[in-house]
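In the numbering used here, the protein residues as written are 1483 to 1913.
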Amino acid sequence: MKAIKPILFLRNHFWFIPALYGTVSVMLAIMTAFLDQFLHVPLFLINKSLAQSLLSTIASSLLTMTTISFSTIMVVLTTYLSQFSPRTMQDFLTDVYTQRILGIFIGGFLYSLILLLLLQNDQGDYFISPIFAVLYAMICVGFFVFFIHHVGKWIQVSNLMHHITAKTIHAVHQYYEDEQLTNRDEPWKDWESEEIKLTDPLYIQANHSGYLLVIEIEGLIAQARADDSIVKVEVSLGDYIEKGMSLLSYWGDRDKMDPKQYRKLFHLADERATIQDIDFGLTKLVEITLRALSPGINDPNTAINGIKALARILSTLASKNLHRSYYNDDYKSLRVINKQRSFSDYLYRCYYQIKHYGIEDISVVAAMIDSLALIASQNNQEIKQLIWDFSQYIQRAIHSETLLDLDRSFINSKLKKLAIQTNQFNHFKPL
1483 MKAIKPILFL RNHFWFIPAL YGTVSVMLAI MTAFLDQFLH VPLFLINKSL
1533 AQSLLSTIAS SLLTMTTISF STIMVVLTTY LSQFSPRTMQ DFLTDVYTQR
1583 ILGIFIGGFL YSLILLLLLQ NDQGDYFISP IFAVLYAMIC VGFFVFFIHH
1633 VGKWIQVSNL MHHITAKTIH AVHQYYEDEQ LTNRDEPWKD WESEEIKLTD
1683 PLYIQANHSG YLLVIEIEGL IAQARADDSI VKVEVSLGDY IEKGMSLLSY
1733 WGDRDKMDPK QYRKLFHLAD ERATIQDIDF GLTKLVEITL RALSPGINDP
1783 NTAINGIKAL ARILSTLASK NLHRSYYNDD YKSLRVINKQ RSFSDYLYRC
1833 YYQIKHYGIE DISVVAAMID SLALIASQNN QEIKQLIWDF SQYIQRAIHS
1883 ETLLDLDRSF INSKLKKLAI QTNQFNHFKP L
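Next comes the structure, spelled out in structure tokens:
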């Protein structure tokens, strides 16, 4: 988690990488101008008139490229806003390739402009620096072609969903441990959690507002061990934290404790991000799916792909130890109590809106049942039971009396497959 602050800084400051590239380009332009004093290769020397013409042409061309790139970015953002979800815009804006390409274009413009200014004051007749500007311009042309290809990929909803899914699954692996690699908490092992209820805690408040992006659990364990204390996290990832809101409860030596050491382990920002906030990644996929189901767009195939993407994330979540709320140090002493989420919460959170808006579309209902079968097929019996129970919730929402015979048969085949995957075939009842 040591790299969290640089990551958050780059996410929240779109201008940083272009500004960095621009600064480096200005420095390179000054260094290149000095080369004219010492480097004289007859083959590459250019007279002053031609040099000025080349540099002015390159500068204006790169400025045009930069303008087109900004316009293209605005088109992409408008598409995201109107057709996908407002929350997906940051995925494109924080993409490192987008920022670097803009940085290269801005840097190329500044490089040519600075060389042109320095050329005016140079008393020489022949220069080699315009050759470097030409090489820089050729590189920019290559990156411009790549940028068009890059934007073409990002504007496709399937690629966007794949990006969000991969990022969210990565967050799941980072935040949760595998179920088979950990033991569930047993009450007698964490008897301190009952003992601390007899004493009043000290509450540590946030000193500024923002969305909670990251909680450094390992850092909390280390700090609680150093203070010989027990702390309980009072907030959840993705919550908007107001200044003065309690971040955690503290049981231990109050004179020894420094609140700053705990506050710095809670990372807040003005916008949510899928670093540890798994809910945010799920929210974006749900919103894309719901937009696809809206009358204005009416794209059930995109909705089906969104449901499949949700199933991939939920299948990964189901294999993790979501029940863990107690964290011990190396000496098996309780140090941190964290809020836990159940798999049922995630399941309902992903499907309840899709169920509401898509229940009249047979293909969407079938996709939901298929996705539940996929999750069940890859996980243990406990998850299978939860999946079967949740499928009854969806099944009760289906208006079976209005289904045509072929539609009824189609949905029943999906429900039968789900019953087999969840080992509930004896309880299967066709519509």
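Backbone N, C-alpha and C define an ideal beta-carbon position, used for all residues, glycine too.
Only a predicted model underlies this, so the values are computations on that prediction, with no experimental measurement involved.
My output table needs one value for residue i: the three-state DSSP class, helix, strand or coil.
i: I1637; result: coil
i: S1773; result: Contrary to the premise, residue 1773 reads as Arg rather than Ser in this sequence. R1773: helix per DSSP, three-state reduction.
i: S1542; result: helix
i: S1611; result: helix
i: H1495; result: coil
i: Y1808; result: strand
i: L1816; result: strand
i: K1802; result: strand
i: D1518; result: helix
i: D1852; result: helix
i: D1759; result: coil
i: D1682; result: coil
i: K1766; result: helix
i: S1507; result: helix
i: K1824; result: Strictly speaking, residue 1824 in this sequence is Ser, with Lys absent from that position. If DSSP states are grouped into helix, strand and coil, S1824 belongs with coil.
i: K1911; result: coil
i: K1898; result: helix
i: A1501; result: helix
Which partner residues does residue i have in the DSSP bridge list?
i: W1733; result: I1712
i: V1696; result: H1749
i: Q1687; result: S1728
i: I1723; result: G1692
i: D1660; result: K1802
May I have the straight-line CA-CA distance separating residue i from residue j, to the nearest angstrom?
i: I1499; j: Q1581; result: 6 Å
i: D1752; j: H1690; result: 11 Å
i: S1538; j: L1595; result: 7 Å
i: D1812; j: T1904; result: 39 Å
i: S1815; j: D1871; result: 37 Å
i: A1785; j: N1894; result: 21 Å
i: Q1565; j: P1777; result: 12 Å
i: L1680; j: I1819; result: 16 Å
i: K1898; j: S1567; result: 34 Å
i: I1651; j: F1574; result: 18 Å
i: Q1687; j: F1748; result: 11 Å
i: K1837; j: I1851; result: 11 Å
i: L1563; j: Q1572; result: 11 Å
i: E1700; j: L1559; result: 37 Å
i: K1649; j: K1530; result: 52 Å
i: K1725; j: L1694; result: 12 Å
i: I1757; j: I1646; result: 11 Å
i: A1855; j: L1775; result: 22 Å
Taking 8 Å as the CB-CB cut-off, is residue i touching chain D?
i: A1855; result: Given the protein chain composition of this structure (a single chain), no chain D is represented.
By a C-beta neighbour count over all protein chains shown, 10 Å radius and 16 as the cutoff for buried, is residue i buried or exposed?
i: L1599; result: exposed
i: S1824; result: exposed
i: V1639; result: buried
i: Q1863; result: exposed
i: V1557; result: exposed
i: W1733; result: buried
i: F1591; result: buried
i: D1660; result: exposed
i: S1991; result: With the chain represented from 1483 up to 1913, any question about residue 1991 goes unanswered, as that position is not in the structure.
i: K1821; result: exposed
i: M1925; result: Since the first and last residues shown for the chain are 1483 and 1913, residue 1925 lies out of range.
i: K1915; result: Not covered by the structure: residue 1915. The range shown for the chain is 1483 to 1913.
i: Y1722; result: exposed
i: K1911; result: exposed
i: W1497; result: exposed
Excluding the 5 residues flanking residue i on each side, which residues of the same chain have their C-beta closer than 6 Å to its C-beta?
i: W1670; result: Unreliable positioning characterises W1670 in this predicted model, as indicated by a pLDDT of 42, which lies under 50. The coordinate reading is nonetheless provided below. Excluding residues within five positions, none has a Cβ falling inside 6 Å.
i: I1583; result: F1625, F1629
Can you give me the Cβ contacts of residue i inside the same chain, cut-off strictly under 8 Å, excluding the 5 residues immediately before and after it?
i: V1654; result: I1760, I1795, T1798, L1799, K1802
i: D1735; result: D1709, D1710, S1711
Give every residue of the same chain whose Cβ lies closer than 7 Å to the Cβ of residue i, excluding the five residues on either side of it in the sequence, and list them in chain order.
i: N1783; result: none
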